[in-house]
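For reference, the structure is listed below as structure tokens.
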Amino acid sequence: MFLSLFQKLFGSANDRLIKSLDKYVHAINALEPSLEKLSDAELQGRTDWLKGRLEKGESLDDILVDAFATVREASKRVLGMRHFDVQLKGGIILHRGMISEMKTGEGKTLVGTLPVYLNALSGKGVHVVTVNDYLAKRDSAWMGKIYEFLGLSVNCIVHELDDLQRQIAYRADVTYGTNNELGFDYLRDNMKFRLEEMVQRPFNYAIVDEVDSILIDEARTPLIISGPAEDSSELYVQINKILPLLVPEDYEKDEKARAVTLTEQGNVHIENLLREHGIIQGDNLYDIQNVSAVHHVNQGLKAHILFTRDVDYIVKDDKVIIIDEFTGRMMEGRRYSEGLHQALEAKEGVTIQQENQTLASITFQNYFRLYPKLAGMTGTAMTEASELSDIYKLDVVEVPTNKRVQRKDMDDEVYRTAREKYDAIIKLIKECQDRQQPVLVGTVSIEKSEYISGLLKAAGVPHSVLNARYHEQEAIIIAEAGVPGTVTIATNMAGRGTDIKLGGNLEMRIAQEVEQIQDETEATAKIKQIEAQIAERAEIAKKAGGLFVIGTERHESRRIDNQLRGRTGRQGDPGASKFFLSLEDDLMRIFGSERLESWLTKLGMEEGEAIIHPWINKALEKAQQKVEARNYDIRKQLLKYDDVMNDQRKAIYEQRREIMSQDNVSDFILDMRDEVVHTIVSRFIPEHAYADKWEVDALHEECLRIFGLDLPIKAWAEEEGIADAEILSRLQEAINKLMSEKEERYGEMLMRMAEKNLLLRILDQVWKDHLLMLDHLRQGINLRAYAQRDPLNEYKSEAFEMFNDMLYRLRENVTGVLSHLQMGGPAEEVEEQVEHLLDDHSNDQHIELHYAQDPFDPGLEPEIEQAPKKGRKKAATPKETAPKKSSRKKTTEVTRDVEDWSETPRNAPCPCGSGLRYKQCHGKVE
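Okay, here's the thing in structure tokens:
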């Protein structure tokens with residue numbers, strides 16, 4: 007009560023923050039008349055002036071007003087768009103490292119130009135992160151005109167770029183890219199073998215567009231780079247034939263947890279079936295030799311029971327393609343991990359592709375926390391404000407709309423059956439169409455969108471369908487969704503990037519109808535005709551009530567519902583929204599519909615009758631909050647486990663960079679060698695142990711194995727009065743002598759090259775093995791709870807021990823390999839051999855992107871599959887899906903403006919596009 011009274015008198019914390027920004031807005035507006043008088047050249051000269059102020063010691067905050075005023079004036083001249091006052095406030099919020107929540111249609115894309123320009127003036131680079139390649143390309147080209155006009159460079163990271171093109175893109179002042187591309191580049195960079203081959207530079211500042219989608223929805227699963235593991239596709243096929251023989255009593259399905267498990271009866275049944283088909287050995291399914299079969303059964307069961315075709319995935323071109331539940335898009339290349347995708351491929355009878363093993367991994371949470379300064383913008387973040395603050399230290403600020411929202415949000419209508427619900431939806435759509443009111447129908451899956459499409463066809467209602475099957479027509483369909491009488495069915499509306507404007511989208515119409523017209527007079531006349539037509543149609547749509555958004559059921563997340571609602575009522579336009587539900591909907595069915603159904607029965611509801619009451623809305627909102635809280639727990643739990651690995655990952659990546667930055671790593675090697683010698687001596691000659699307790703023979707064998715040295719250790723041990731310190735000293739002397747002889751034989755330069763290259767390669771190998779062991783540990787750690795032990799603490803403890811074991815293996819392997827190293831032939835050939843130690847391995851780093859996402863199963867992860875090495879068994883991948891090498895023409899186009907190549911790193915690809923390294927081409931020393 008007192009809080010409510012206080013807020014009425016003084017406003018909320020959000021209101022007070024927004025009001026405090028008025029002074030900046032007034033100052034920016036005060037500069038506008040003087041900037042309007044400047045010539046283009048004078049306006050462009052302000053960039054160097056602002057940079058000069060920074061160099062003299064002023065801060066970004068000091069130049070904010072001047073920078074924002076400069077951007078606004080440039081935008082007016084280049085794009086014909088003037089930032090509203092509320093957009094200036096949104097820009098200041100982004101600059102301060104916060105999340106700016108702005109409603110759909112308020113111009114978030116334009117808002118981003120203000121803080122991007124300001125922060126790019128430091129010369130450290132700014133990343134703008136989008137949810138898909140289309141938006142990255144569109145925004146970099148569209149907003150890039152402002153940056154380029156003001157003298158800043160802008161570029162875009164997309165999937166098909168090679169390393170040289172990525173280096174150029176990341177060195178731009180402003181770089182656009184998707185969260186996946188940026189994250190994978192970070193992982194790939196930390197698998198490189200030379201600093202000059204790394205594409206990213208140190209992180210500075212990032213603005214994440216659709217921040218809730220990227221930092222919340224996408225953050226449920228980590229990014230992974232993986233290489234092919236042992237092929238077991240035949241086993242998936244065999245298991246797939248058996249699973250249909252199970253009966254419902256053989257398994258239990260938990261829809262809330264999205265899990266399925268065998269019952270006791272099911273265990274016996276599947277065990278007998280597997281034995282009959284010769285798939286398992288022995289009497290028990292859970293014997294150690296049958297572990298692989300159990301894994302395949304569990305994944306196959308998930309594929310058959312939990313995953314539905316045309317809802318969770320579609321089958322196209324001999325591939326199982328995942329449908330993103332948040333956007334309804336096909337996620338080309340994404341794959342579920344741990345064999346689930348292979349199980350789905352077996353289920354659908356398509357080519358089964360090979361499983362993968364983790365080579366590098368990071369969560370989005372830990373990736374984005376690498377940025378010293380992070381900000382985000384979206385239309386729907388308030389519902390997740392606590393998580394964004396807890397995980398990312400990002401506060402959410404709600405920015406008021408430029409014009410008052412006119413949208414009418416109606417109470418939900420709840421029906422007893424889905425059939426009654428759909429009848430009511432079709433009836434409302436017809437009513438809207440009769441009065442020329444445009445309609446947007448939101449669905450949660452392809453299956454539902456096509457079902458409604460079928461009902462509309464039967465009712466004779468013309469309409470358009472936007473889902474993963476018609477992804478190519480997306481922008482056109484959305485652009486025309488505001489035309490009077492238009493009916494559009496869309497599978498989720500998150501991150502579409504195109505506004506629905508009443509009357510139609512002028513830019514899209516011009517792009518479709520005018521760009522092909524060569525005659526300038528004719529083109530101008532056509533533009534005027536289109537503008538008049540759109541204005542006339544907009545008035546008709548407004549009089550009819552504006553865009554009517556119909557939700558066909560509630561999503562688990564309130565944000566997704568809000569994103570759908572937010573499509574109408576943009577920039578003060580009229581609009582309306584209503585959700586239709588039935589007791590057969592997933593959310594209603596899973597979360598307590600029995601009590602509601604009992605209540606509705608008591609009320610004596612008749613066929614086709616709906617219940618409408620604000621209490622129903624509140625009850626549904628609480629159910630959604632429960633699901634959101636559960637999903638937050640999943641993400642939080644994922645992060646707790648990844649934080650353990652993250653500390654280790656940072657240590658390894660920092661070590662790699664330090665190694666790569668030095669030409670001489672002999673000190674590293676010497677320290678490792680001494681550590682190994684001390685360890686094996688202390689193992690076989692324990693401190694304070696009597697000589698008769700020394701394991702001399704074992705120590706001799708170990709020295710032979712690791713160092714290749716047949717030393718008279720037994721004779722040493724029999725000497726009168728000898729101590730362990732003396733044996734240690736003699737061992738060190740013998741090994742140092744061995745390495746000195748190698749250095750004399752091969753030369754100091756070659757030994758330094760060999761040491762560095764082998765150190766990096768072995769470090770990567772033991773790290774990869776360590777990641778695999780951590781995966782296995784993570785999969786079974788929850789069983790420790792049955793023994794009253796905290797799984798997370800157990801994981802931390804064992805992961806720490808495993809990391810220490812990994813470091814010893816690294817030291818031992820490096821020491822052993824260098825001790826046994828032999829390089830033969832003339833000096834020139836030896837140099838080539840050492841050079842190729844690295845070159846051959848670097849060539850293996852060509853990798854295909856394979857993502858995956860399932861919000862409920864922590865075992866489903868985004869993946870990249872590494873291309874097979876020479877001689878390695880290739881993955882069973884259709885030829886048409888193999889990655890295409892970047893053409894020389896493309897490389898030449900990217901680098902053709904490069905006049906001076908003298909600064910090109912010697913081992914980088916030559917800028918001329920020949921495909922050779924720079925040192926072998928234009929950088930070759932004659």
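Residue numbers in the sequence shown follow our numbering, run continuously in steps of one, and reach 932 at the last position.
Virtual Cβ for every residue (Gly too), placed ideally from N, Cα, C.
If contact is defined by three or more beta carbon pairs under 8 Å, each pair taking one atom from either stretch, is the segment 172-191 in contact with the segment 148-159? yes
Between which residues of its own chain and Gln-412 is the CB-CB distance below 7 Å, once the five residues before and five after are set aside? Along the sequence shown, read from residue 1 onward, the residue named residue 412 stands at position 406. Hits under 7 Å: Gly-575, Gly-578, Asp-579, Pro-580, Gly-581.
Could you work out which residue in Ser-106, Ala-126, Ser-26, Lys-29 is closest to Leu-60 when comparing CA atoms only? Position 54 of the sequence shown, counting from 1, holds the residue named residue 60. Leu-60 has its Cα closest to that of Ala-126, out of Ser-106, Ala-126, Ser-26, Lys-29.
Nearest-angstrom Cα distance between Thr-530 and Met-87? Here residue 530 corresponds to residue number 524 of the sequence shown, with the count starting at 1. Here residue 87 corresponds to residue number 81 of the sequence shown, with the count starting at 1. Each residue's alpha carbon lies about 20 Å from the other.
Three-state secondary structure (DSSP) at Ile-98? Against the sequence shown, residue 98 aligns to sequence position 92. Ile-98: helix per DSSP, three-state reduction.
Quick one, are the C-beta atoms of Ala-494 and Ala-487 less than 8 Å apart? Sequence index remark: in the sequence shown, residue 494 carries index 488 (1-based). Sequence index remark: in the sequence shown, residue 487 carries index 481 (1-based). According to the sequence shown, residue 494 is Thr rather than Ala. Cβ distance < 8 Å, so Thr-494 and Ala-487 count as in contact.
For Asn-161, which of helix, strand or coil comes out of DSSP? Taking the first residue of the sequence shown as 1, we reach residue 161 at position 155. Of the three classes helix, strand and coil, the one that applies to Asn-161 here is strand, per DSSP.
Across the segment 812-827 and the segment 669-688, are there enough close Cβ pairs to call them in contact, namely three or more that are closer than 8 Å? yes
Thr-386 and Gln-569 closer than 8 Å at C-beta: As a working note, residue 386 is residue 380 in the sequence shown. As a working note, residue 569 is residue 563 in the sequence shown. Taking 8 Å as the Cβ cut-off, Thr-386 and Gln-569 qualify as a contacting pair.
Just checking my contact of Gln-206 with Asp-191 at CB under 8 Å: how many whole Å lie between their CB atoms? Locating residue 206 in the sequence shown gives position 200, counting from the first residue. Locating residue 191 in the sequence shown gives position 185, counting from the first residue. Correct: roughly 6 Å between the Cβ atoms.
Which of helix, strand or coil does DSSP assign to Gln-412? Indexing the sequence shown from 1 puts residue 412 at position 406. In the structure shown, Gln-412 sits in a strand (DSSP, three-state: E or B).
Going straight from the alpha carbon of Ala-697 to that of Phe-674, what length do you get? The residue you call residue 697 lines up with position 691 of the sequence shown. The residue you call residue 674 lines up with position 668 of the sequence shown. The straight-line gap from Cα to Cα measures roughly 33 Å.
Residues sharing a beta bridge with Val-950, DSSP: The requested residue 950 is not part of the displayed model; the chain covers only 7 to 932.
Run of the alpha helix (DSSP H) containing Gly-460, from where it starts to where it stops: The residue given as residue 460 occupies position 454 in the sequence shown. Residues 452-464.
Distance, Glu-277 Cα to Leu-737 Cα: Numbered from its first residue, the sequence shown carries residue 737 at position 731. Numbered from its first residue, the sequence shown carries residue 277 at position 271. Between Leu-737 and Glu-277, the C-alpha separation is close to 56 Å.
State the DSSP-derived secondary structure class of Met-108, mapped to helix, strand or coil. Residue 108 sits at position 102 when you count from the first residue of the sequence shown. Here Met-108 carries a coil assignment [DSSP, helix/strand/coil].
Simplified DSSP assignment, three categories, for Phe-809: Taking the first residue of the sequence shown as position 1, residue 809 is located at position 803. In the structure shown, Phe-809 adopts helical secondary structure according to DSSP, grouped into three states.
Enumerate in chain order the residues of its own chain whose CB-to-CB distance from Lys-507 is below 7 Å, with the five nearest sequence positions on each side excluded. In the sequence shown, counting from the first residue as 1, residue 507 sits at position 501. Excluding positions up to five away in sequence, the list reads Gly-488.
Let me check one thing: in DSSP terms, what residues is Thr-181 bridge-paired to? To locate residue 181, count along the sequence shown from 1; it is residue 175. His-133, Asn-161.
Rounded straight-line distance, which links the Cα of His-561 to that of Ile-596: Here the question's residue 596 lines up with position 590 in the sequence shown. Here the question's residue 561 lines up with position 555 in the sequence shown. About 12 Å.
Is Ile-358 near Gly-306, with beta carbons less than 8 Å apart? Counting from one through the sequence shown, the residue named residue 358 turns up at place 352. Counting from one through the sequence shown, the residue named residue 306 turns up at place 300. No, they are not a contact pair.
Between Val-405 and Lys-95, is the Cβ-Cβ spacing less than 8 Å? The sequence position of residue 405 within the sequence shown is 399, counting from 1. The sequence position of residue 95 within the sequence shown is 89, counting from 1. Yes, the Cβ-Cβ distance between Val-405 and Lys-95 is below 8 Å.
Suppose you measure from the CA of Ala-430 to the CA of Ile-482; what does that come to, to the nearest Å? Here residue 430 refers to the residue found at position 424 when the sequence shown is read from its first residue. Here residue 482 refers to the residue found at position 476 when the sequence shown is read from its first residue. So the alpha carbons of these two residues sit roughly 28 Å apart.
What first and last residue would you give for the beta strand (DSSP E) that runs through Met-383? Here residue 383 corresponds to residue number 377 of the sequence shown, with the count starting at 1. Element bounds for Met-383: 379-384.
In angstroms, rounded to a whole number, what distance separates the CA positions of Gly-865 and Ala-73? Position 859 of the sequence shown, counted from the start, is the residue given in the question as residue 865. Position 67 of the sequence shown, counted from the start, is the residue given in the question as residue 73. Bear in mind that the predicted position of Gly-865 carries a pLDDT of just 34, short of 50, making it unreliable; the figure below should be weighed with that in mind. Cα to Cα, Gly-865 sits roughly 47 Å from Ala-73.
At least 3 beta-carbon pairs within less than 8 Å: the segment 748-768 vs the segment 652-665: yes
C-alpha gap between Asn-20 and Met-108, whole angstroms: For the purposes of this step, residue 20 is taken as residue 14 along the sequence shown, with counting starting at 1. For the purposes of this step, residue 108 is taken as residue 102 along the sequence shown, with counting starting at 1. Spanning the two alpha carbons is a distance of roughly 13 Å.
Under the rule that 16 or more other beta-carbon atoms within 10 Å means buried, what is Met-416, buried or exposed? Counting from 1 along the sequence shown, the entry for residue 416 is found at position 410. Exposed: under 16 other Cβ atoms inside 10 Å.
For the beta strand (DSSP E) holding Ala-582, just list the boundary residues, first then last. Residue 582 sits at position 576 when you count from the first residue of the sequence shown. Taken as a continuous stretch (DSSP letters only), the beta strand (DSSP E) holding Ala-582 covers 580-588.
Hey, how far is the Cα of Ala-616 from the Cα of Val-266? The residue you call residue 616 lines up with position 610 of the sequence shown. The residue you call residue 266 lines up with position 260 of the sequence shown. Straight-line Cα distance between these residues: approximately 34 Å.
Compute the Euclidean distance between the alpha carbons of Ala-547 and Gln-439, then round it to the nearest angstrom. Here residue 547 refers to the residue found at position 541 when the sequence shown is read from its first residue. Here residue 439 refers to the residue found at position 433 when the sequence shown is read from its first residue. Computed Cα separation, rounded: 11 Å.
Closer than 6 Å by C-beta to Val-445: which residues in its own chain qualify, once you throw out the five before and the five after it? Chain order, please. Position 439 of the sequence shown holds residue 445. So the qualifying residues of the chain are Ile-435, Cys-438, Val-493, Phe-554.
Where does Gln-4 fall in DSSP's three states? For residue 4 there is no data in the structure shown, the boundaries of the chain being 7 and 932.
Which residue spans inside the segment 502-573 form an unbroken beta strand (DSSP E) run of at least 3? 553-557
Between which two residues does the beta strand (DSSP E) holding Glu-419 run? In the sequence shown, the residue the question calls residue 419 occupies position 413. That run of the beta strand (DSSP E) goes 419-421.
Enclosing alpha helix (DSSP H) for Glu-634 [first to last residue]: Taking the first residue of the sequence shown as position 1, residue 634 is located at position 628. Looking at the DSSP string, the run of the alpha helix (DSSP H) that includes Glu-634 is 620-666.
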